[in-house]
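Worksheet for the structure shown next.
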Amino acid sequence: MPFKFTADETVEACLRRIVIEQAQKASQAARGGAENPQAAIHSIRRRCKKIRAALRLVRASFDDYRKENIAVRDAARKLGQLRDRPVALQTYDMLVREEAASPDPKERENLLAQLATTSTEDPIAALIDFAAAIDALSERAQRWTVRRSGFRALEGGIGQTYHRTRKALKRAHRHPTAVNLHDWRKLTKYHGHHLGLISASAPHILLASRSAANDLADVLGRHHDLDMLAGYLGEETVLAPVLIRRKAELEAESFRLGAELTAESPEAFRARCASYWEEWTAEKQ
Numbered sequence: 468m469p470f471k472f473t474a475d476e477t478v479e480a481c482l483r484r485i486v487i488e489q490a491q492k493a494s495q496a497a498r499g500g501a502e503n504p505q506a507a508i509h510s511i512r513r514r515c516k517k518i519r520a521a522l523r524l525v526r527a528s529f530d531d532y533r534k535e536n537i538a539v540r541d542a543a544r545k546l547g548q549l550r551d552r553p554v555a556l557q558t559y560d561m562l563v564r565e566e567a568a569s570p571d572p573k574e575r576e577n578l579l580a581q582l583a584t585t586s587t588e589d590p591i592a593a594l595i596d597f598a599a600a601i602d603a604l605s606e607r608a609q610r611w612t613v614r615r616s617g618f619r620a621l622e623g624g625i626g627q628t629y630h631r632t633r634k635a636l637k638r639a640h641r642h643p644t645a646v647n648l649h650d651w652r653k654l655t656k657y658h659g660h661h662l663g664l665i666s667a668s669a670p671h672i673l674l675a676s677r678s679a680a681n682d683l684a685d686v687l688g689r690h691h692d693l694d695m696l697a698g699y700l701g702e703e704t705v706l707a708p709v710l711i712r713r714k715a716e717l718e719a720e721s722f723r724l725g726a727e728l729t730a731e732s733p734e735a736f737r738a739r740c741a742s743y744w745e746e747w748t749a750e751k752q
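Residue numbers (our numbering): 468 to 752.
If you want it as structure tokens, here you go:
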């Protein structure tokens with residue numbers, strides 16, 4: 468079934484289906500991840516973000532939102548730490564290749580040594596622990612209840628996430644720190660997932676907006692990877708000018724994309740989504 472709400476299911480039934488499907492696929496990836504742990508971790512983290520986005524969408528109508536959101540976050544936390552090592556190395560090699568840079572030959576060796584000391588968790592053990600936690604969530608999801616029906620169950624979550632995404636853009640523009648830009652990226656991804664979840668109500672419009680949100684999240688993700696690499700290399704690296712320039716370019720692009728994505732007021736955005744939903748469900752009756 469698709470990762471979206473459908474007209475022939477209640478919001479409660481959709482939430483259960485979506486979360487259980489994503490949790491089961493994440494569990495399968497974890498239990499089969501011994502051969503390629505990094506591929507499994509990438510898949511799992513993507514599915515956990517989808518689960519948390521679905522939970523955020525119904526947060527105002529789902530009494531167990533806080534507890535279950537924390538459960539998913541904590542289950543995936545160790546896996547996020549295991550992601551950093553290969554990503555930092557890939558980012559370093561990409562910069563050297565694309566910029567035709569000539570770094571200190573020992574710099575890559577030093578980076579590898581740093582990454583080895585900061586990533587001591589056994590990935591196989593972490594995957595097994597994750598599978599147990601996400602299986603428990605999948606079991607609980609079969610009994611979840613949502614207090615409201617229709618768009619009333621979603622409007623609080625979709626409106627709050629959009630509002631927070633706009634605020635995060637403004638905060639990052641005033642103070643473009645690594646933390647602010649990363650927080651903005653996380654909210655942008657949730658917003659994009661929300662657009663996808665309700666996309667059946669106005670596919671052409673909402674899927675285009677979701678694509679724009681994904682583009683912005685990708686730009687901010689590349690910035691995050693560069694910032695993480697800069698932290699490992701330190702200020703004395705010969706790649707410092709390249710890192711500074713690349714990050715500045717990505718920041719400028721992200722602010723342009725963000726302004727376009729969230730130009731609408733939160734009130735207008737929420738009302739527009741409600742209108743799409745009401746027209747769509749009326750047609751299906």
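From the three backbone atoms N, C-alpha and C, an ideal C-beta is built for every residue, glycine too.
Just so you know, these numbers come straight off a predicted model, no measurement behind them.
Where residue i sits in the DSSP three-state scheme
i: F597; result: helix
i: Q836; result: Outside the shown range of the chain, which is 468 to 752, sits residue 836, and nothing can be said about it.
i: T704; result: coil
i: E588; result: coil
i: E502; result: coil
i: A474; result: coil
i: Q752; result: coil
i: R641; result: helix
i: I665; result: coil
i: A568; result: coil
i: L621; result: coil
i: R513; result: helix
i: R615; result: coil
i: D650; result: helix
i: D602; result: helix
i: P553; result: helix
i: M468; result: coil
i: V525; result: coil
Own chain, CB closer than 8 Å to residue i, minus 5 neighbours either side, in chain order
i: S605; result: V486, I487, A490, Q491, S494
i: E727; result: A679
i: V428; result: Because residue 428 is not part of the residues shown, which for the chain are 468 to 752, the question remains open.
i: K517; result: F470, I485, Q489, H660
Heavy atom of the ligand FAD within 7 Å of residue i beta-carbon
i: V539; result: Only the bare structure without any ligand can be found here, which leaves the ligand FAD out of the picture.
Same chain, Cβ closer than 7 Å to residue i, neighbours up to 5 away in sequence not counted
i: V686; result: L717, E720, S721, L724
i: A527; result: G623, G624
i: L683; result: T655, S721, L724, G725, L728
i: A639; result: N647, L648, W651
i: V709; result: L562, E566, A568
i: R689; result: L717
i: S616; result: T477, V478
Within 8 Å, strictly: CB atoms of residue i and residue j
i: P733; j: Y629; result: yes
i: F648; j: P504; result: Looking at the sequence shown, residue 648 is not Phe but Leu. No, the Cβ-Cβ distance between L648 and P504 is not below 8 Å.
i: F529; j: L664; result: no
i: T558; j: L696; result: yes
i: A474; j: A667; result: yes
i: F618; j: E745; result: yes
i: G550; j: I511; result: The residue you asked about is not Gly; residue 550 is Arg in the sequence shown. Taking 8 Å as the Cβ cut-off, R550 and I511 do not qualify as a contacting pair.
i: Y743; j: A669; result: yes
i: V539; j: R564; result: no
i: E588; j: K545; result: yes
i: L700; j: E535; result: no
i: R641; j: L662; result: no
i: G626; j: R498; result: no
Contacting residues, own chain, Cβ-Cβ under 6 Å from residue i (five flanking each side not counted)
i: A608; result: R483, V486, I487
i: R713; result: L693
i: A542; result: F597, A600, I601
i: G500; result: A507, L594
i: I672; result: none
i: R631; result: L654
*Would you call the region 546–559 and the region 626–642 in contact, with 3 or more CB pairs under 8 Å?*
Fewer than three pairs of CB atoms, one per stretch, sit closer than 8 Å, so the region 546–559 makes no contact with the region 626–642.
*Enumerate, from N- to C-terminal direction, the unbroken alpha helix (DSSP H) stretches of 4 or more residues contained entirely within the region 663–745.*
670–700, 707–728
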